[in-house]
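Participant:
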Amino acid sequence: MVIESTYGASVSYQPSRQEANQELQDIVSRTLMRGGKMICPVFAVGRSQEVMIAIDELFRSGTVKPVPVWLDGMIQEATAIHASHPNYLTKALSKSLLKDDGENPFTSEWFRPVKGRELRESIVMDTSPCIVLATSGMLNGGPVMEYFKNWAHEERNSLCFVGYQAEGTLGRRLQKGFGEVPMLINGKTEIVKIGCEMVTIDGFSGHSDRRQLLDFVDRINPPPKNIICHHGDYQKCNELGLTLRERYNCLTFAPSNLETVRLF
């Protein structure tokens, strides 16, 4: 068996979606009350659509006063693919897509695609509150960098992570508490100081947490004799592998990058 270990550590348990939605509501409310802008680095597939649905619920319910939500990167294209296959979505979401009765969260009026550099520059310079969902999800490139380098220094703004930040990425460095980062601005390297509020909401992750990973292996019959733990920090791969070895008396491997494991 080959199994991921993104959240395989002994303390890696994800909050419920209800808790994640509440955290999102809190950070959106705080940011907009300050008159600020919220940057949300997202992956185009999956995570973007989950956050769009959550924001749509906040606005439709009247919990938060609607503001423009800009979608930058490949989010619009990925969302169109989701909408084209409603049978793979939840029943409630599928129903809203098929009925086309104005309840489709993906076509709500507050979601606005960013088409081109000129519009992006206009959004960056605009002083009114808004939310930006933009790729890439780990702040390691993509259009999100334009918003980050222009807005990260302002205390009224916020940076909201909703996905895993891998070691070595800008997102992970910020989570570790880096107060300033070098960035290329107008062809020159400049230091961007981090003054905005920063939060991480774990409940939107597309990865299974430790409890879910162990439950999955529990359902395998007969139990696997060999398990390769990968797709995670080395420590998390090792922790999950040790637990699986003790629980199932099997061989486990946590190979490093480029390490070869002979299967046969």
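If you count the sequence shown from 1, position 191 lands on 964 in my numbering, and the numbers rise without skipping.
Each residue gets a CB set at the ideal place from its N, CA and C atoms; glycine is no exception.
From a predicted model like this one, the values you see are computed outputs, not experimental measurements.
Which residues mark the beginning and the end of the alpha helix (DSSP H) in which residue 1027 is found?
Facilitator: Residue numbering aside, residue 1027 sits at position 254 when the sequence shown is read from its first letter. No alpha helix (DSSP H) holds residue 1027; DSSP gives it neither H nor E.
Participant: Among 782, 826 and 784, whose alpha-carbon lies nearest the alpha-carbon of residue 797?
Facilitator: Taking the first residue of the sequence shown as 1, we reach residue 797 at position 24. With distances taken between Cα atoms, residue 797 lies closest to 826.
Participant: When the Cα of residue 800 is compared with those of 885, 932 and 964, which residue comes out closest?
Facilitator: Reading the sequence shown from its first residue, position 27 is the one you call residue 800. The residue with the shortest Cα to Cα distance from residue 800 is 932.
Participant: Does the Cβ-Cβ distance between residue 1005 and residue 778 come in under 8 angstroms?
Facilitator: The residue given as residue 1005 occupies position 232 in the sequence shown. The residue given as residue 778 occupies position 5 in the sequence shown. Closer than 8 angstroms, so yes.
Participant: Terminal residues of the continuous alpha helix (DSSP H) containing residue 965?
Facilitator: Position 192 of the sequence shown, counted from the start, is the residue given in the question as residue 965. Segment 961-966 is the beta strand (DSSP E) holding residue 965; no alpha helix (DSSP H) there.
Participant: Just reading off the alpha helix (DSSP H) that residue 855 is part of, what are its end residues?
Facilitator: As a working mapping, residue 855 is identified with position 82 in the sequence shown. From DSSP, the alpha helix (DSSP H) with residue 855 extends over 848-857.
Participant: Pick helix, strand or coil for residue 1002, following the three-state DSSP scheme.
Facilitator: Within the sequence shown, residue 1002 is the residue found at index 229, counting from 1. Of the three classes helix, strand and coil, the one that applies to residue 1002 here is strand, per DSSP.
Participant: Which complete beta strand (DSSP E) runs does the stretch 777-843 hold, if anything under 3 residues is left out?
Facilitator: Listed in chain order, the complete beta strand (DSSP E) runs (minimum 3 residues) inside the stretch 777-843 are 810-814.
Participant: Hey, how far is the Cα of residue 894 from the Cα of residue 922?
Facilitator: Along the sequence shown, one-based indexing puts residue 894 at 121. Along the sequence shown, one-based indexing puts residue 922 at 149. Each residue's alpha carbon lies about 12 angstroms from the other.
Participant: Measure the CB-CB distance between residue 848 and residue 821 and report whether it falls below 8 angstroms.
Facilitator: On the sequence shown, position 75 is the one that residue 848 refers to. On the sequence shown, position 48 is the one that residue 821 refers to. For residue 848 and residue 821, yes; Cβs fall inside 8 angstroms.
Participant: Does the distance from the CB of residue 815 to the CB of residue 936 come in under 8 angstroms?
Facilitator: One-based indexing of the sequence shown puts residue 815 at position 42. One-based indexing of the sequence shown puts residue 936 at position 163. Taking 8 angstroms as the Cβ cut-off, residue 815 and residue 936 qualify as a contacting pair.
Participant: Taking DSSP's pairing of strands, which residues face residue 775 in a bridge?
Facilitator: Locating residue 775 in the sequence shown gives position 2, where the first residue counts as 1. Looking at the DSSP assignment, residue 775 forms a beta bridge with 1001.
Participant: Looking at the secondary structure, which residues open and close the alpha helix (DSSP H) in which residue 895 lies?
Facilitator: To locate residue 895, count along the sequence shown from 1; it is residue 122. Note, residue 895: alpha helix (DSSP H), 890-898.
Participant: Is the beta carbon of residue 934 closer than 8 angstroms to that of residue 823?
Facilitator: By 1-based counting over the sequence shown, the position of residue 823 is 50. By 1-based counting over the sequence shown, the position of residue 934 is 161. Cβ atoms of residue 823 and residue 934: not closer than 8 angstroms.
Participant: Short of 8 angstroms in beta carbon distance, which residues of its chain neighbour residue 955, apart from the five on each side in sequence? Order them along the chain.
Facilitator: Start at 1 with the first residue of the sequence shown, and residue 955 comes out as number 182. Only 962, 963, 964 and 965 meet the Cβ criterion.
Participant: Which whole-angstrom value describes the C-beta separation of residue 912 and residue 943, a residue pair presumed to lie in contact below a C-beta threshold of 8 angstroms?
Facilitator: Working through the sequence shown from its first residue, we reach residue 912 at position 139. Working through the sequence shown from its first residue, we reach residue 943 at position 170. Rounded, the Cβ-Cβ distance is 4 angstroms, consistent with contact.
Participant: Considering Cα atoms alone, identify which of 980, 916 and 837 is closest to residue 789.
Facilitator: Here the question's residue 789 lines up with position 16 in the sequence shown. Checked all of 980, 916 and 837; the closest Cα to residue 789 is 980.
Participant: What does a CB cutoff of less than 6 angstroms around residue 818 pick up in its chain, not counting 5 residues either side in sequence?
Facilitator: Against the sequence shown, residue 818 aligns to sequence position 45. Closer than 6 angstroms at Cβ, skipping near neighbours: 851.
Participant: For residue 794, is the classification buried or exposed, using 16 other Cβ atoms within 10 angstroms of its Cβ as the cut-off for buried?
Facilitator: Locating residue 794 in the sequence shown gives position 21, counting from the first residue. Buried is the call here.
Participant: On the criterion of 16 or more Cβ atoms from any shown chain inside 10 Å, does residue 1025 qualify as buried, or is it exposed?
Facilitator: For the purposes of this step, residue 1025 is taken as the residue at position 252 of the sequence shown. Residue 1025 is buried by the Cβ-count criterion.
Participant: Which term fits residue 905, buried or exposed, when burial requires 16 or more other beta carbons within 10 angstroms of its beta carbon?
Facilitator: If you number the sequence shown from 1, residue 905 lands on position 132. Flag for residue 905 reads buried.
Participant: Hey, residue 786 and residue 984: beta-carbon distance below 8 angstroms or not?
Facilitator: Mapped onto the sequence shown, residue 786 falls at position 13. Mapped onto the sequence shown, residue 984 falls at position 211. Yes; because the gap between Cβ atoms is below 8 angstroms, this pair is in contact.
Participant: Is the distance from the Cβ of residue 839 to the Cβ of residue 883 below 8 angstroms?
Facilitator: Start at 1 with the first residue of the sequence shown, and residue 839 comes out as number 66. Start at 1 with the first residue of the sequence shown, and residue 883 comes out as number 110. Taking 8 angstroms as the Cβ cut-off, residue 839 and residue 883 qualify as a contacting pair.
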